[in-house]
Structures are given as C-alpha cells and as structure tokens.
Amino acid sequence: MLQRLAEIVPKGRVLVGDTFWERQPTDIAREMHGDNVPMLIDLVAMCRETDWEILNLTTADQREWDNFESSHRAGLRQWIIENPDSPKAQEIREQQDERERGYIMNYRGLLGFAYLVLGR
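All you need for my numbering is the position in the sequence shown, starting with 1, plus 17.
What follows is the structure in structure tokens.
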C-alpha cells in the first residue's frame, strides 16, 4: 500500500489509517484479522522503507475503539428493539452477541489503529 501511495503521491502529504497489534496477538486474534497486521514499530519501519517521512503519528485510544465497535452493532441492536417479533430478530441478536463477544474476548485492547501523516 505504501509503495503504491508513493507512486500516486510522489511529493506531498497523505493521511494513512491502519491497524496494528499493540502486543503479540493471540492465535484467535490473528485468525480473526489475518497475518498482515503488523506491530506498530513494523508499520513505522514500512513507512521509512518506502521513503515516507512520518510527520505525525497518533493512535486511537480505547474509548475510540469501543465507540467504533459499538457503532457497528448499534443500528441492528435498535432494529431488534423495534422488531422483537420478527422471524429474523433472534438470528440477528445472536450474530451481534457473537461479534460483541469476539471483540471483548479476543481483540479489545490488543488491536490498535494508527493515524499517520506522511510526507515526501
């Protein structure tokens, strides 16, 4: 991705957002998110290897992550409240419960998100 960005933006600034591991992931977390998620230090190294200067680096805090994850479920949770007798309500509730459980048990506090302003 970073090399392709360099081709598209040979000079200037870009804002990149990407996931990273806060610490070594569990096997379950790695299975959920794949093998291509780097540690933060490796993400920084990838930027440098593709000749980007890191002008600013910040990471999402836990509250931002919780809001992000909750927002994914909020619409369907509201639908369940408004449609409790729907034949789909129980199935959707179970899916949302599983997603919430997966987040809390498997990658909450483990998967991070970085915002990088890069320049060249």
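Cβ atoms here follow ideal geometry from the backbone N, Cα and C, with glycine treated the same way. As the structure is a prediction and not an experimental result, all values here were calculated from the model.
Tell me, please, which residues DSSP counts as bridged to V26. Answer by DSSP bridge pairing: none, since V26 is not bridged.
Could you tell me which of N100, F37 and R94 sits nearest to A62, measuring between CA atoms? F37
At what residues does the beta strand (DSSP E) containing E70 begin and finish? E70 to T76
Endpoints, the alpha helix (DSSP H) within which L60 is located: L57 to E66
Would you mind sorting A131 into buried or exposed? The rule is 16 or more other CB atoms within 10 Å of its CB. buried
Do R30 and G136 count as a contact pair if the criterion is CB distance below 7 Å? yes
Taking DSSP as the reference, what is the three-state secondary structure of L127? Residue state, collapsed to three classes: coil.
Residue burial classification, L133 (beta-carbon count within 10 angstroms, cutoff 16): buried
Could you give the distance in angstroms between the alpha-carbon of P104 and the alpha-carbon of S88? 24 Å
What's the gap between the Cα of M18 and the Cα of E48? 22 Å
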